[in-house]
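Here the structure is laid out as structure tokens; the discussion comes afterwards.
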Amino acid sequence: MDKFDVIIIGGGHAGVEAAFACARMNKKSCLITNNLDDLGKMSCNPAIGGIGKSHLVKEIDAMGGLMGIAADFGGIHFRVLNSSKGAAVRATRSQSDRILYSNKVKEIINSEHLLTIIDSEVSEVLLSNSKSKGVKLSNGKSIHSKKVILTAGTFLNGKLFTGEEEEEGGRIGDKPSKKLADFLLSLELNSGRLKTGTPPRIKASTVNWSVTKEQPGDSPRPTMSFITTNKIHPQQMSCHITRTNLKTHEIIMEGIEKSPMFTGKIEGLGPRYCPSIEDKIHRFSDKNSHQIFIEPEGLTSKEIYPNGISTSMPKEIQQRMVNSIKGFEHAEITKYGYAVEYDFFDPRGLNHSLETKKIENLYFAGQINGTTGYEEAAAQGLVAGINASLAIDDKAAWIPKREESYIGVLIDDLVTIGTKEPYRMFTSRAEYRLLLREDNADQRLSPIARKLGLLNEERWMSFSKKLEDIEKERTRLQGFKLSLSQINDLNKNANAKRKSSISALEALKRPEITYERLCQKLKIQPERNEIALDVTTNQKYFGYIQRQKKEINKVKKNENALIPEKTDFNQIEGLSNESKQKLSLVKPKTLAHAQRIPGLTPAAISLLLVHIKKKSIQKNNVA
Amino acid sequence: MRDTSDTIVACSSPLGRGAISLIRISGPDLSFLCGELGIKEIKNKEARVKEIPLQDGFKEKCVLTFFKGPNSFTGEDVLEISCHGNPLIVELIIDFFVDSGCRRAGPGEFSLRGFVNEKLSYLEAEAIDDLINSENILQLNASARSLSGKFENKVDELINELIKLRVYLESNIDFSDEEIIEDFDTFKANLNSFNNELDDFIKDSNASKYLIEGAKVIITGPPNVGKSTLMNSLCDENASIVSENSGTTRDIIQRSVKIDNISFLLHDTAGITAFSDDPVEKEGILLAEGLLSDCDLVIEVLDVFTESYVRSYDKPVIKVENKSDLSDKFRKDRIKASFLNGEGVEELKKEMIKKLNLPDMLDQITFSARSRHTKLLKMAKIELALAAKVDSIDALELIAENLRIASDFFGEIKSPYTSDELLGKIFSTFCIGK
Chain A
348 MDKFDVIIIG
358 GGHAGVEAAF
368 ACARMNKKSC
378 LITNNLDDLG
388 KMSCNPAIGG
398 IGKSHLVKEI
408 DAMGGLMGIA
418 ADFGGIHFRV
428 LNSSKGAAVR
438 ATRSQSDRIL
448 YSNKVKEIIN
458 SEHLLTIIDS
468 EVSEVLLSNS
478 KSKGVKLSNG
488 KSIHSKKVIL
498 TAGTFLNGKL
508 FTGEEEEEGG
518 RIGDKPSKKL
528 ADFLLSLELN
538 SGRLKTGTPP
548 RIKASTVNWS
558 VTKEQPGDSP
568 RPTMSFITTN
578 KIHPQQMSCH
588 ITRTNLKTHE
598 IIMEGIEKSP
608 MFTGKIEGLG
618 PRYCPSIEDK
628 IHRFSDKNSH
638 QIFIEPEGLT
648 SKEIYPNGIS
658 TSMPKEIQQR
668 MVNSIKGFEH
678 AEITKYGYAV
688 EYDFFDPRGL
698 NHSLETKKIE
708 NLYFAGQING
718 TTGYEEAAAQ
728 GLVAGINASL
738 AIDDKAAWIP
748 KREESYIGVL
758 IDDLVTIGTK
768 EPYRMFTSRA
778 EYRLLLREDN
788 ADQRLSPIAR
798 KLGLLNEERW
808 MSFSKKLEDI
818 EKERTRLQGF
828 KLSLSQINDL
838 NKNANAKRKS
848 SISALEALKR
858 PEITYERLCQ
868 KLKIQPERNE
878 IALDVTTNQK
888 YFGYIQRQKK
898 EINKVKKNEN
908 ALIPEKTDFN
918 QIEGLSNESK
928 QKLSLVKPKT
938 LAHAQRIPGL
948 TPAAISLLLV
958 HIKKKSIQKN
968 NVA
Chain B
2 MRDTSDTIVA
12 CSSPLGRGAI
22 SLIRISGPDL
32 SFLCGELGIK
42 EIKNKEARVK
52 EIPLQDGFKE
62 KCVLTFFKGP
72 NSFTGEDVLE
82 ISCHGNPLIV
92 ELIIDFFVDS
102 GCRRAGPGEF
112 SLRGFVNEKL
122 SYLEAEAIDD
132 LINSENILQL
142 NASARSLSGK
152 FENKVDELIN
162 ELIKLRVYLE
172 SNIDFSDEEI
182 IEDFDTFKAN
192 LNSFNNELDD
202 FIKDSNASKY
212 LIEGAKVIIT
222 GPPNVGKSTL
232 MNSLCDENAS
242 IVSENSGTTR
252 DIIQRSVKID
262 NISFLLHDTA
272 GITAFSDDPV
282 EKEGILLAEG
292 LLSDCDLVIE
302 VLDVFTESYV
312 RSYDKPVIKV
322 ENKSDLSDKF
332 RKDRIKASFL
342 NGEGVEELKK
352 EMIKKLNLPD
362 MLDQITFSAR
372 SRHTKLLKMA
382 KIELALAAKV
392 DSIDALELIA
402 ENLRIASDFF
412 GEIKSPYTSD
422 ELLGKIFSTF
432 CIGK
């Protein structure tokens with residue numbers, strides 16, 4: 348008899364979200380971490396959300412997850428990015444107080460009575476006939492479970508670099524999970540090496556704030572979660588902006604040959620969107636200055652996080668570089684920046700459920716799959732937690748779809764395309780971007796979450812109320828007729844000609860007519876923001892949404908063209924070896940999935956189609 | 002999708018009498034087939050003389066040339082048989098191979114196999130097809146240039162420019178916190194000049210499409226006004242059934258006629274009337290309506306007795322009024338014609354060329370395009386025109402959507418590229434990242 352349904356290894360953002368999902372799905376689960384303090388720890392910069400990422404947070408929240416709530420309880424600075432653009436690309440970003448954030452995570456996790464938390468180090472996953480049966484701790488003890496979710500991927504086989512210094516380890520102060528790393532390597536999964544870096548941390552009291560540019564949070568202040576209000580936010584702080592200058596660049600160029608990135612010591616590929624300062628100066632030598640966001644680390648923290656100068660230069664150069672920057676003239680470095688190189692496993696070795704193809708009952712989530720970012724990790728944790736629980740109940744996996752969520756885009760990209768650099772979410776990765784708004788994440792996902800048993804009554808009620816209010820508002824606006832002159836009044840570039848009168852709802856489709864002005868004109872009380880936003884956006888995007896839906900239906904046809912599970916791609920005549928390899932690695936389940944594999948030519952796809960058809964004809968003939 | 006696993010046979014030279022005809026066979030069963038002919042071993046690019054036994058003891062002496070896959074045009078084993086240029090002999094040889102298990106190839110099937118076996122790109126496959134089907138020297142030149150990649154190069158060039166436009170939009174959306182120097186006005190100016198370039202390209206593509214494929218013409222109008230007679234007088238042949246009874250034309254009848262080097266594919270439609278109860282006729286009408294959306298030019302025929310007939314088309318239209326010899330009254334906005342007497346036919350022919358809006362110098366068309374290409378280019382153009390209309394930087398995501406769809410259409414001409422490549426472009430263009 349298994350002691351647990353699910354064991355979750357690791358207590359980072361993927362681990363806690365996975366554990367919380369299992370608990371909500373009534374699975375007896377156990378989270379094992381080698382440092383209880385690290386539950387929900389923000390180990391890099393103290394921010395949640397941002398463009399593309401906030402969409403993930405809202406979706407996790409709509410699925411009943413914890414990240415959004417913790418971000419609200421820990422948030423000391425909130426801004427909506429792209430606020431002047433349309434709703435689909437608006438994104439909430441929050442700075443967190445690290446302590447408040449992880450405290451809230453611990454509080455939520457600890458209140459789940461089906462969840463046990465163990466402070467220990469896992470040395471291996473117990474296997475029998477390529478199936479996982481539990482884990483073995485480094486003290487020799489075994490714990491059995493039906494499923495294992497591995498999220499302890501932060502900096503597997505990590506190597507830290509500062510200048511020419513090199514040490515083994517994960518993040519500074521973290522114990523490297525060496526035994527587990529060795530075990531994982533013994534599984535002979537496809538692996539690769541990635542790198543990332545951090546900036547030096549600076550003592551807040553040594554910054555000359557008066558010469559930096561203050562960036563206060565937004566007012567009114569947005570929230571991360573659908574069910575919180577900004578009243579629960581703690582005291583707020585500002586961010587500040589400063590810049591590098593030519594002197595800074597000179598210092599860096601002087602020491603660049605000592606940077607491990609350039610000495611060739613680091614082989615892993617770093618994220619293109621988060622280059623180190625030496626990389627930026629090297630590659631964009633015509634730029635005289637780069638922006639630095641000075642982010643607060645917390646209400647009580649004595650450090651700041653200078654976002655934009657991630658570096659692995661020698662300590663002495665870091666110090667001089669920092670002091671060359673406006674406002675940092677007398678800054679003291681509390682921790683030096685460093686680069687870290689680590690292992691990840693090719694996510695194409697996973698099914699969409701995040702179960703490994705090689706070992707049944709074993710799921711991977713988080714950085715181990717080549718992603719970067721708390722949000723990306725949490726989203727995978729959620730998916731792995733849900734699917735491990737569903738599998739225990741003998742139910743089909745939940746495969747989030749690309750047209751349904753950024754979570755779907757994330758999972759599908761990972762298992763189909765894999766990644767060469769740390770994978771981060773961007774809105775441009777989502778082809779159905781206009782459908783996947785932050786503000787409608789609940790409409791897209793909460794009904795699914797409810798079915799899966801992930802939503803408590805409180806969330807469901809609040810969501811149902813929102814839907815009702817949206818419908819009411821649409822009906823209300825439908826009821827008002829606007830005359831031609833009224834429309835032209837509202838519309839600066841008055842060119843309404845065709846119809847004599849249209850409904851107020853219809854009028855919202857016109858780009859220049861805003862909800863607020865419409866309500867003024869009709870002398871009616873406006874609905875609350877979230878309702879107004881939904882009604883307005885659905886009208887403004889109307890034609891585009893219709894089209895995207897059509898496109899989705901077109902793709903669905905190929906999504907329904909199943910590739911039989913046992914297809915041996917090497918047997919398909921005429922396929923190039925490269926195509927065979929790609930198909931064998933990803934093992935697509937549908938024709939649409941195969942079409943998304945990069946580098947597969949239309950010719951290869953037609954051959955695949957012919958092969959499937961031929962097989963099905965043969966099968967029918969036999970039957 | 003056609004099956005590609007069997008062995009196909011077809012005559013690859015034009016049907017008709019001549020010195021030599023060429024029969025081509027491609028597929029996995031060639032060794033077996035050669036065994037049937039008593040050839041034990043076959044070598045790549047080897048030619049042999051062999052007698053093929055046909056009906057009633059008749060044997061045809063042929064030259065057999067063998068190409069071993071994958072180093073052949075289709076990527077499969079290929080056999081080319083040269084025989085005397087007599088259609089009967091060709092048919093008998095094909096029959097011989099069909100009896101031995103081959104299948105008659107459909108149009109373009111050899112090229113398809115070459116494409117499927119990655120011997121040709123899609124655009125190359127099409128260009129080869131055009132080269133073969135060229136009917137005059139203008140076409141021949143255009144398709145030869147296309148095969149040398151001119152069309153593909155131009156498409157690539159446009160795709161690259163489109164990527165640049167998208168890079169601006171996507172980086173402004175995904176990295177709005179960063180400092181991106183380009184401004185919206187510059188973007189708009191670039192978009193407009195891209196649109197102009199695309200317009201020119203479409204015009205050339207259209208002209209080349211007419212050269213290669215010809216122009217599709219629909220002859221339409223109420224029943225019994227003389228549509229079939231018109232078709233006959235344009236073609237100098239009795240193609241359609243002509244009778245006095247209303248609604249005689251049951252099927253769509255196609256004829257091809259050449260005017261000034263351009264092929265016109267004429268489609269004589271069943272009289273388009275919604276009141277017919279005859280199921281056959283109804284089907285014909287439906288077909289005609291499908292054709293209407295797919296054609297390049299409409300000729301609307303009325304006669305002097307037609308009372309009122311108002312239809313609108315989204316295609317260029319030539320309006321004709323027939324039977325002018327039977328009445329003094331006629332509409333002024335129509336070509337006055339009496340097809341029975343040949344009156345108005347020359348004027349109509351001139352108008353048909355004029356309406357195609359061809360560039361002056363047909364011999365300078367640098368590539369061959371097909372309706373598949375021009376259709377996709379036009380769809381992309383519609384998107385880009387919508388994007389150009391958006392004036393506000395606030396709706397960047399909507400412009401981005403139009404451009405995404407436009408680039409999907411370009412992708413359908415060529416090969417698609419992923420959002421990851423787009424991101425790569427962003428990172429290499431701008432210094433992004435804190």
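Sequence lines, in order, name chains A and B. Letter by letter, the first sequence follows residues 348 to 970 in my numbering. Letter by letter, the second sequence follows residues 2 to 435 in my numbering. In this text, a Cβ means the ideal position worked out from N, Cα and C, and glycines have one as well. Quantities reported herein were computed from a predicted structural model and do not represent experimental measurements.
Under 9 Å between beta-carbons, which chain A residues line up against B/A396? List them in chain order, please. Residues of chain A with a Cβ closer than 9 Å to the Cβ of B/A396 are, in chain order, K432, G433, P858 and K887.
Reference A/E971; option with closest CA among A/R864, A/A738, A/Q886 and A/T575: This structure gives no information on residue 971 of chain A, because the portion of chain A shown stretches from 348 to 970.
Say whether chain B places a C-beta atom closer than 8 Å to the C-beta of A/S659. Proximity of A/S659 to chain B, defined by a Cβ-Cβ separation below 8 Å, is not satisfied.
May I ask you to list, following chain order, the residues of the stretch 773 to 784 of chain A that have a beta carbon less than 9 Å from some beta carbon of chain B? Within the stretch 773 to 784 of chain A, the residues whose Cβ lies closer than 9 Å to some Cβ of chain B are F773, T774, S775, R776, A777, E778, R780 and L781, listed in chain order.
Please list, in chain order, all residues of the same chain as B/I414 whose beta carbon is under 7 Å from its beta carbon, the five residues on each side excluded. Contacts found: V156, H374 and L377.
Between A/G720 and chain B, is the shortest Cβ-Cβ distance under 8 Å, so that the two count as touching? Chain B, which has no Cβ nearer than 8 Å to the Cβ of A/G720, makes this no.
Just to confirm my understanding: we take B/E398, look at its own chain, exclude 5 residues before and 5 after, and list those with CB closer than 7 Å. What are they? Hits under 7 Å: I174.
Entirely enclosed beta strand (DSSP E) segments - the stretch 749 to 836 of chain A, minimum 3 residues: Every beta strand (DSSP E) of 3 residues or more that sits fully in the stretch 749 to 836 of chain A is shown, in chain order, as 828 to 830.
Along chain A, which residues have their Cβ under 9 Å away from the Cβ of B/I82? For B/I82, there are no neighbours in chain A by C-beta distance under 9 Å, as the nearest C-beta there is about 24 Å away.
So with CB distances below 9 Å, who are the chain A contacts of B/E171? Here the neighbours are F773, T774 and S775.
With a 10 Å radius around its C-beta and 16 neighbouring C-beta atoms as the bar for buried, classify B/N246 as buried or exposed. Low local confidence applies: a pLDDT of 48 at B/N246 is under 50, so the model's placement there is unreliable, with the coordinate-based value given in what follows. So B/N246 counts as exposed.
Please work out which residues of its chain come closer than 7 Å, Cβ to Cβ, to A/G1007, disregarding the five sequence neighbours upstream and downstream, and give them in chain order. Residue 1007 of chain A falls outside the range modelled here, since chain A spans only 348 to 970, and no answer is possible.
B/D7 at chain A interface by Cβ criterion, 8 Å: B/D7 does not count as touching chain A.
Cβ distance (whole Å) where B/S264 is taken to contact B/G215 below 8 Å: Correct: roughly 3 Å between the Cβ atoms.
Exposure label - A/T610; buried when at least 16 CB within 10 Å: Classification of A/T610: exposed, given that the 10 Å Cβ count is below 16.
Are the beta-carbon atoms of A/K705 and A/S477 separated by less than 8 Å? For A/K705 and A/S477, yes; Cβs fall inside 8 Å.
So which of B/E348, B/F67 and B/F185 has the shortest CA-CA distance to B/S83? With distances taken between Cα atoms, B/S83 lies closest to B/F67.
Under a Cβ-count criterion, where at least 16 other Cβ atoms within 10 Å of its own Cβ denotes burial, should A/K326 be classed as buried or exposed? Outside the displayed range of chain A (348 to 970) lies residue 326 of chain A, so it cannot be described from this structure.
Using a threshold of 8 Å, state whether the C-beta atoms of A/Y685 and A/F502 are closer than that. If you check the CB distance, A/Y685 and A/F502 do not come in under 8 Å.
Delimiting residues of the alpha helix (DSSP H) encompassing A/A725: Where A/A725 is concerned, the enclosing alpha helix (DSSP H) stretches over Y721 to I739.
Could you please tell me which residues of the stretch 409 to 443 of chain A, in chain order, have their CB closer than 7 Å to any CB of chain B? Cβ contacts with chain B: L428, N429, S431, K432, G433, A435 and V436.
Applying the criterion that 16 or more other CB atoms from any shown protein chain within 10 Å of the CB defines a buried residue, is A/H677 buried or exposed? Answer is exposed; the Cβ neighbour count stays below 16.
Measuring straight from C-alpha to C-alpha, what distance separates B/S112 and A/L801? In a straight line, the C-alpha of B/S112 is about 54 Å away from that of A/L801.
According to DSSP, is B/L55 part of a helix, a strand, or is it coil? The three-state reading of DSSP puts B/L55 in coil, since its state is none of H, G, I, E or B.
Is it buried or exposed for A/E644, if we count other Cβ within 10 angstroms and need 16 for buried? The residue in question, A/E644, is buried, as its Cβ has 16 or more Cβ neighbours within 10 Å.
So, does the CB of B/K435 fall closer than 8 Å to a CB anywhere in chain A? Summary for B/K435: the model assigns pLDDT 44, below 50, so the residue's position carries little reliability, and this model does not support an answer.
Please report the distance separating the alpha-carbon of B/I53 from that of B/F33. Between the C-alpha atoms of B/I53 and B/F33 there is a straight-line separation of about 15 Å.
Ordered along the chain, which non-local residues of its own chain (more than five positions away) have a Cβ less than 6 Å from that of B/S6? Around B/S6: no qualifying Cβ.
Taking 8 Å as the threshold (beta carbon to beta carbon), is A/Y891 in contact with chain B? Judged by the 8 Å Cβ criterion, A/Y891 is in contact with chain B.
Quick one: what does DSSP say B/S244 is sitting in, helix, strand or coil? Caution applies to B/S244, whose pLDDT of 43 falls short of 50 and renders its modelled position unreliable; the value that the coordinates give is listed next. Residue state, collapsed to three classes: coil.
Taking B/K165 as the reference, give the member of B/S257, B/A190 and B/D178 with the closest Cα. That would be B/A190, whose Cα lies nearest to the Cα of B/K165.
Along the chain, where does the alpha helix (DSSP H) that runs through B/G412 open and close? Where B/G412 is concerned, the enclosing alpha helix (DSSP H) stretches over L397 to I414.
Would you decide whether A/E859 is buried or exposed? Buried here means 16 or more other CB atoms lie within 10 Å of its CB. A/E859 should be labelled exposed.
Taking beta-carbon pairs under 7 Å, can you tell me which members of the stretch 380 to 392 of chain B lie near chain A? Here the close residues number zero.
Look at A/C391 and A/T498 and say whether their C-beta atoms are less than 8 Å apart. One thing to note: A/C391 has its Cβ no nearer than 8 Å to the Cβ of A/T498.
Bridge partners for A/I379 per DSSP, in chain order? Note: A/I379 sits in a beta bridge opposite A/I356 and A/I465.
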